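Below: one structure, written as structure tokens.
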Amino acid sequence: MTSQTTHEGELVKRARKGDAKAFEDLVRMHQRALYRYLCWLSGDTEDAMELTQSSFVKAYLSMGRFRGESSFKTYLFRIASNTWKNCVRDRGRRQNVNIEDVPVLSGNNPHDEVAREQEQERFWKLVEGLPARQKEALVLRLKEGYPFEKVAEVMGCSTGAAKASYHHAVGKLKSSFYGEDQ
Amino acid sequence: MSSCRENCRDMLLDYARGRLVHEESQLVENHLERCPDCLIELKIIRQFESRDLPEPPPWFFNSLPEKVTAQVEERRKKRMRWMVPAWAGGMAAAVAAVLMLLQPGPPTRVEDLGSDYSFVRTEDPFSLGIEEELLHVSGVFINDLIQTLGPDLREVKDDSLITMDLIPEGDGYESMSEETMRIFEDLLEKMAPERVRKKVMS
Chain D
32 MTSQTTHEGE
42 LVKRARKGDA
52 KAFEDLVRMH
62 QRALYRYLCW
72 LSGDTEDAME
82 LTQSSFVKAY
92 LSMGRFRGES
102 SFKTYLFRIA
112 SNTWKNCVRD
122 RGRRQNVNIE
132 DVPVLSGNNP
142 HDEVAREQEQ
152 ERFWKLVEGL
162 PARQKEALVL
172 RLKEGYPFEK
182 VAEVMGCSTG
192 AAKASYHHAV
202 GKLKSSFYGE
212 DQ
Chain P
399 MSSCRENCRD
409 MLLDYARGRL
419 VHEESQLVEN
429 HLERCPDCLI
439 ELKIIRQFES
449 RDLPEPPPWF
459 FNSLPEKVTA
469 QVEERRKKRM
479 RWMVPAWAGG
489 MAAAVAAVLM
499 LLQPGPPTRV
509 EDLGSDYSFV
519 RTEDPFSLGI
529 EEELLHVSGV
539 FINDLIQTLG
549 PDLREVKDDS
559 LITMDLIPEG
569 DGYESMSEET
579 MRIFEDLLEK
589 MAPERVRKKV
599 MS
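Those protein sequence lines, which keep their order, are chains D and P.
Residue numbers for the first sequence follow our numbering, beginning at 32 and rising by one.
Residue numbers for the second sequence follow our numbering, beginning at 399 and rising by one.
In structure tokens, the structure reads:
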């Protein structure tokens with residue numbers, strides 16, 4: 032166990048007893064990682080800021096139930112994922128991007144800067160349009176670099192289901208962006 | 399394809415991040431030469447690797463820790479204010495619904511509950527502070543509770559300010575804490591299960 036883990040463990044213990052300063056230290060330790068994760072999921076800075084704050088609030092209010100079976104970061108990420116999914120659900124389908132609706136760009140000169148930017152934009156729109164769980168698996172795997180076991184832990188599902196979500200997401204991007212049959 | 403999955407595909411991320419030893423890198427590179435599928439997956443991985451996200455304004459991280467604890471403190475104070483008059487109403491509804499679910503026979507539908515018992519989504523989900531803990535109660539999942547009560551959760555009619563926010567199973571919450579369990583047990587003791595059942599069935 033590293034000294035940082037021990038320190039975090041102490042902070043968690045104190046925060047569970049209602050020590051606000053200890054929880055503030057935990058926020059300082061994880062706020063950047065949580066913000067980045069939520070920024071990836073939401074695709075929007077303002078949303079990510081709001082979601083980060085409400086995830087920490089929920090985490091603090093639920094500290095009594097954190098038993099330390101997973102790492103504190105995993106616990107936070109799990110709350111953040113659910114906070115984001117609730118937000119998506121509450122906003123309804125209006126803002127969803129349908130993969131089928133993203134235009135296919137063809138005949139662009141690959142050396143053309145504008146065309147390249149358009150391609151990039153199209154790629155991220157496709158990512159944005161993925162179903163929540165697939166996007167979650169993709170971000171946890173590719174940005175956090177988590178092994179599938181840990182992806183599953185955050186997602187609250189089996190490792191097989193986490194793998195399936197990831198591979199479905201990759202498959203969709205392959206077929207929609209690179210025109211490859213799945 | 400199956401060999402991709404088993405031998406190479408799971409190594410692509412580590413390959414892209416330069417985490418493989420020479421022999422493993424060589425293995426991946428040899429595979430990539432003859433597998434367009436994995437090559438495309440590597441391109442996707444690299445798209446993610448190369449993207450920078452916008453940073454929030456500097457004040458955000460500076461003020462966030464204090465903001466979080468201040469917000470929690472404010473909610474706890476509000477909860478304390480509401481605790482006495484409203485707590486019994488909200489908890490009675492929860493206990494009644496749980497007891498109803500524990501009864502043998504077909505699940506009772508929301509219209510059978512009578513006007514005293516029902517749930518609404520609260521505007522402030524933390525007003526009660528324990529609502530997220532109602533996930534497993536004697537093996538009853540909150541999803542079952544929601545299904546039984548129906549999607550159209552009605553308003554509590556006893557002028558109680560307290561409302562319950564039902565959070566589906568799997569929303570990051572595991573099971574009732576010992577503290578919540580104790581509150582439920584106290585309530586059951588105070589209210590007498592017979593009385594609760596009678597009210598539920600009326």
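C-beta atoms are modelled at their ideal positions from N, C-alpha and C, and glycine is treated no differently.
Small disclaimer: the values here were computed from a predicted structure and weren't measured.
- Between D:Cys118 and D:Glu77, the alpha-carbon positions lie close to 13 Å from each other.
- Taking a 10 Å sphere around the C-beta of P:Arg432, we find fewer than 16 other C-beta atoms and assign the residue as exposed.
- For P:Pro455, the three-state secondary structure derived from DSSP is coil.
- Under the Cβ criterion of 9 Å, P:Gln445 is counted among the residues facing chain D.
- Annotation for D:Gly40: the continuous alpha helix (DSSP H) segment containing it runs 34–47.
- Around the beta carbon of P:Thr467, 16 or more other beta carbons sit within 10 angstroms, so the residue counts as buried.
- Using a Cβ distance threshold of 9 Å, D:Glu55 and P:Glu422 do not count as a contacting pair.
- Three or more beta-carbon pairs drawn from the segment 106–114 of chain D and the segment 76–92 of chain D are found closer than 8 Å, and the two stretches are therefore classed as touching.
- In the three-state reduction of the DSSP assignment, D:Glu100 falls in the coil class, being assigned neither a helical nor a strand state.
- Shown here for P:Glu439: same chain residues with a beta carbon closer than 8 Å to its own, the five before and five after excluded, namely Arg407, Leu410 in chain order.
- Not a single CB atom of chain D sits nearer than 9 Å to the CB of P:Gln424.
- Annotation: the continuous alpha helix (DSSP H) that includes D:Lys52 extends over 51–73.
- With contacts defined as CB atoms closer than 9 Å, D:Leu169 and D:Ala195 fail to qualify as a contacting pair.
- Taking 4 residues as the shortest admissible run, the segment 146–212 of chain D contains the following complete alpha helix (DSSP H) segments, listed from N- to C-terminal end: 163–173, 179–186, 190–208.
- In the three-state DSSP reduction, P:Val419 falls in the coil class, being neither helix nor strand.
- CA-to-CA, the gap between D:Glu150 and D:Val158 works out to about 13 Å.
- Across the structure, P:Leu430 and P:His420 are spaced so that their CA atoms are roughly 15 Å apart.
- Identification of chain D residues near P:Glu464 by a Cβ-Cβ cut-off of 7 Å yields Glu55, ordered along the chain.
- A distance below 7 Å between beta-carbons, with the five flanking residues on each side excluded, links D:Ser101 to the following residues of its chain, in chain order: Glu184.
- The C-alpha of D:Met94 is placed about 15 Å away from the C-alpha of P:Arg473.
- Contact annotation: in the segment 60–73 of chain D, residues whose CB is within less than 9 Å of a CB in chain P are Gln62, Arg63, Tyr66, Arg67, Cys70, Trp71.
- A Cβ-Cβ distance of about 5 Å is found for the pair D:Phe179 and D:Ala193, placing them in contact under the 8 Å criterion.
- Proximity to D:Arg59 across P:Val470, P:Glu471, P:Phe459 peaks at P:Phe459, based on C-alpha coordinates.
- In summary, P:Gln424 is exposed, with fewer than 16 beta-carbon neighbours lying within 10 Å of its beta-carbon over all protein chains present.
- D:Tyr68 places its beta carbon less than 9 Å from that of D:Glu175.
- For D:Lys44 and P:Arg444, the gap between their C-alpha atoms comes out near 39 Å.
- Using a Cβ-Cβ cut-off of 7 Å, D:Leu204 is close to Ile442 of chain P, given in chain order.
- The beta carbon of D:Tyr106 is closer than 6 Å to those of Phe97 in its chain, skipping five residues each way along the sequence.
- In the three-state scheme derived from DSSP, where H, G and I count as helix and E and B as strand, P:Arg444 is classed as helix.
- Close to D:Tyr209, with beta-carbon spacing below 7 Å, are these residues of chain P in chain order: Ile438.
- Straight-line measurement puts the Cα of D:Arg63 at about 12 Å from the Cα of P:Pro455.
- For the pair D:Arg172 and D:Ala46, the Cα-to-Cα distance works out to about 29 Å.
- Residues of the segment 102–118 of chain D with a Cβ closer than 9 Å to any Cβ of chain P, in chain order: Tyr106, Arg109, Ile110, Ala111, Ser112, Asn113, Thr114, Lys116, Asn117.
- Around the CB of D:Lys52, fewer than 16 other CB atoms lie within 10 Å, so the residue is classed as exposed.
- Look at P:Leu411: its C-beta is under 9 Å from a C-beta on chain D.
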